[in-house]
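Peer 1: Before we start, here is the structure in question, set down as structure tokens.
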Amino acid sequence: MHEVSIIQNVVKIVTEKAIENKFTKVSKVSLKIGELSGVMPESLNFAFKSCIMESMLEGATLEIEKVKAIAECLDCKKEFPIDHFNKLCPICNQFCSSIVSGYELYINTIEGD
Ligand SMILES: [Zn+2]
1 MHEVSIIQNV VKIVTEKAIE NKFTKVSKVS LKIGELSGVM PESLNFAFKS CIMESMLEGA
61 TLEIEKVKAI AECLDCKKEF PIDHFNKLCP ICNQFCSSIV SGYELYINTI EGD
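Take a look at the structure:
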């Protein structure tokens, strides 16, 4: 399960950051997930609930912010939304390999006290 290993990493990083910031408890973790990252938010939520037991994150909520997939055309410099199957510029109809966003997967904020 891909999502479980992602969450295990998230929990590890959040715990380290929480200790650095002298938190005793983490109440909320916010993740940014790109549309093209291939990660299922439902699976992340499920994995999160099982991975935070008996950790500093126990009882914390997981917030998932989706990031739209955007590419920039190398010819006309237009930015446009893309998906897995369609990365064509709407103006030039050229395949675009310059992805601006959509593959992100990172911890955005941590709340605790
Ligand atoms: Zn173009």
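Here this note's numbering is used: the first residue of the sequence shown is 1, the next is one more, and so on. From the three backbone atoms N, C-alpha and C, an ideal C-beta is built for every residue, glycine too.
At what residues does the beta strand (DSSP E) containing I91 begin and finish?
Peer 2: First-last for I91: undefined, no H or E at that position.
Peer 1: Suppose the cutoff is 7 Å on Cβ atoms and the five residues either side in sequence are ignored; what does the same chain contact list for I107 look like?
Peer 2: Cβ-Cβ distances below 7 Å link I107 to V10, I13, V14, V29, L31 in the same chain, with the five nearest sequence neighbours on each side left out; the list follows chain order.
Peer 1: Please indicate yes or no: does the CB of C89 lie closer than 6 Å to some heavy atom of ligand 2?
Peer 2: Among the ligands modelled here, namely ligand 1, ligand 2 does not occur.
Peer 1: Taking D83 as the reference, which of Y103, E65, C76 has the closest Cα?
Peer 2: Y103
Peer 1: Within the chosen definition, does the region 73-83 reach the region 40-48 through at least 3 CB pairs nearer than 8 Å?
Peer 2: no
Peer 1: With a threshold of 8 Å on Cβ separation, who are the neighbours of S27 within its own chain once the five nearest residues in sequence on each side are excluded?
Peer 2: Cβ neighbours of S27 beyond the five flanking positions: G59, A60, T61, E111, G112, D113.
Peer 1: Distance cutoff 7 Å, beta carbons only. Does S98 sit that close to anything in chain C?
Peer 2: Structure shown: chain C not included; a single protein chain is present.
Peer 1: Could you spell out where the beta strand (DSSP E) holding L44 opens and where it closes?
Peer 2: Annotation: L44 is outside any beta strand (DSSP E); the continuous alpha helix (DSSP H) that includes it extends over 41-51.
Peer 1: I99: which of I52, A47, L36 sits nearest, CA to CA?
Peer 2: Checked all of I52, A47, L36; the closest Cα to I99 is L36.
Peer 1: Determine the extent of the beta strand (DSSP E) in which K129 is found, giving its start and end residues.
Peer 2: Here the chain covers residues 1 to 113 and nothing more, so residue 129 does not appear.
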